[in-house]
Structures are given as C-alpha cells and as structure tokens.
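A.B. asks:
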Amino acid sequence: MNKTLFDRGNPKETKHLVWKTVSREPSFTCPIFSLENVVRESSDGRKGTFVSVHSPEWVVVLPWFRDEEGVARFIIEQQYRHGSDSVTREFPAGLVEEGEKAELAASRELKEETGAVAKKLTLLGNVSPNSAFMDNRQNFYLAEGLELVSGQSLDPNEQIDV
Numbered sequence: 071m072n073k074t075l076f077d078r079g080n081p082k083e084t085k086h087l088v089w090k091t092v093s094r095e096p097s098f099t100c101p102i103f104s105l106e107n108v109v110r111e112s113s114d115g116r117k118g119t120f121v122s123v124h125s126p127e128w129v130v131v132l133p134w135f136r137d138e139e140g141v142a143r144f145i146i147e148q149q150y151r152h153g154s155d156s157v158t159r160e161f162p163a164g165l166v167e168e169g170e171k172a173e174l175a176a177s178r179e180l181k182e183e184t185g186a187v188a189k190k191l192t193l194l195g196n197v198s199p200n201s202a203f204m205d206n207r208q209n210f211y212l213a214e215g216l217e218l219v220s221g222q223s224l225d226p227n228e229q230i231d232v
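Note that this note's numbering numbers the sequence shown so that position 80 is 150, with each residue one more than the last.
(1) Taking 7 Å as the threshold (C-beta atoms), are Arg-110 and Thr-84 in contact?
(2) CA-CA distance, Glu-40 and Val-232?
(3) So, for Val-88: in the same chain, excluding its five sequence neighbours on each side, which residues have a beta-carbon less than 8 Å away from its beta-carbon?
(4) Going by the CB atoms, is the gap between Ala-202 and Pro-133 shorter than 7 Å?
(5) Is it right to say Thr-158 is buried, meaning 16 or more other beta carbons lie within 10 angstroms of its own, or is it exposed?
(6) Would you be able to state if there are at least three C-beta pairs under 8 Å between the region 139 to 147 and the region 188 to 205?
(7) Could you please give the first and the last residue of the uninterrupted alpha helix (DSSP H) stretch that includes Thr-84?
(8) If you draw a straight line from the alpha carbon of Ser-223 to that of Glu-179, how long is it in whole angstroms?
(9) When DSSP builds the beta bridges, which residues end up paired with Phe-120?
(10) Can we say the region 174 to 191 touches the region 93 to 107, given the rule of at least three CB pairs closer than 8 Å?
(11) Below 7 Å CB to CB, which residues in the same chain sit around Ala-163 once its five sequence neighbours on both sides are set aside?
(12) Can you check DSSP and say which residues form a bridge with Val-197?
(13) Measuring alpha carbon to alpha carbon, tell me which residue in Lys-189, Phe-103, Val-166 and Gly-221 is nearest Phe-27.
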C-alpha cells in the first residue's frame, strides 16, 4: 500500500516536532492576558523568536431549550465588543477565574449574563482558540433544563441583550 501525505508515520511519534525553549522575556501584561517573547530552537537547529499570549481558560455556554411550540432554540446574546468595534451575536461566555473549575465558570456565566440556570451542563469538548500563539483552552458546554431564576448580574462594563 502506498503511503499518502495523511498516513505517513506513527502519529504518536512527535519528539522531532518539539522546539526547545532557549529563553523567555515578558513584554506586556494587562488584566486579561500577557505577552511574552520566546526564543526556541527546533530539533534540526533552526532558531526563531515567537510571541506567546498567556490568557486564562474560558468557557462558552450553548443554552438549549424548546419553546412553547416545541421548537429547539438557543439563547443568543447581543453586545457591543470593543475589540471589533461592533455589536456581536454570541453565546454566553467568559473567563474561568483563577482556581475555578470550568464547569462552575460555565454555570456562573450563564446565570450572570442571562439570569438562567441549567439543570444539566455537559462538556462538549475544548479547543485551543489559536495554538499558533495562545496557550489557553476554550471549553464548550451544552446547558439543558433551563430555568430563569433572576435578572442579569453583569460586570460594570457589560451591556448585554438576551
């Protein structure tokens, strides 16, 4: 059988792909992330300087329910985002606080941003938002059995329509 681009070698053998860290130098810090210049060397001797963004883990909650007619729906928020200078439509989401479990952060963000709690939270999976230069994880939770228990409890600079 001919090997193709997609089945060459054993995927578990990755040591030759790892770059050794030669040095790290912090370059910028703010409340939600920090930047670091990292010098690394490949297994074949190439060197490069790379920017690494250190940011907390975060959660995205997909609040799922059926409306009065039995149609499946998700709660979607609208809010102004300073980074894109635009109003966006998105699922409830937020940073995992230091020492907090991701599932608790998902529950907290859902309640703060929508006033709802979920009887069941299921981790759908997690991804690296951009592993080319970020070191954090983004966790996706399905929220089911929603119950509206309060109004929103937003951070001082949040303004969210549900």
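Glycine residues also receive a C-beta, built at the ideal position from the N, C-alpha and C atoms.
C.D. replies: Walking through what the data contain:
(1) The count along the sequence shown starts at 1 and reaches residue 84 at position 14. The count along the sequence shown starts at 1 and reaches residue 110 at position 40. Their beta carbons are not under 7 Å apart, which means Thr-84 does not touch Arg-110 by this criterion.
(2) This structure gives no information on residue 40, because the portion of the chain shown stretches from 71 to 232.
(3) Here residue 88 refers to the residue found at position 18 of the sequence shown. Within the same chain, Val-88 has close Cβ partners Ser-113.
(4) Here residue 133 refers to the residue found at position 63 when the sequence shown is read from its first residue. Here residue 202 refers to the residue found at position 132 when the sequence shown is read from its first residue. It is not a contact, given that the beta carbons lie outside the stated cut-off.
(5) To locate residue 158, count along the sequence shown from 1; it is residue 88. Its Cβ having fewer than 16 others within 10 Å, Thr-158 is exposed.
(6) no
(7) Here residue 84 is taken as the residue at index 14 of the sequence shown, counted from 1. Careful: Thr-84 lies outside any alpha helix (DSSP H) and carries neither H nor E.
(8) Counted from its first residue, the sequence shown places residue 223 at position 153. Counted from its first residue, the sequence shown places residue 179 at position 109. Cα to Cα, Ser-223 sits roughly 9 Å from Glu-179.
(9) For the purposes of this step, residue 120 is taken as residue 50 along the sequence shown, with counting starting at 1. Phe-120 pairs with Val-108.
(10) Touching, no.
(11) Reading the sequence shown from its first residue, position 93 is the one you call residue 163. Cβ within range, chain order: Trp-128, Val-129, Val-130, Val-131 and Glu-179.
(12) Taking the first residue of the sequence shown as position 1, residue 197 is located at position 127. The partner list for Val-197 (beta bridge, DSSP) reads Gln-208.
(13) With the chain covering only 71 through 232, there is no way to say anything about residue 27.
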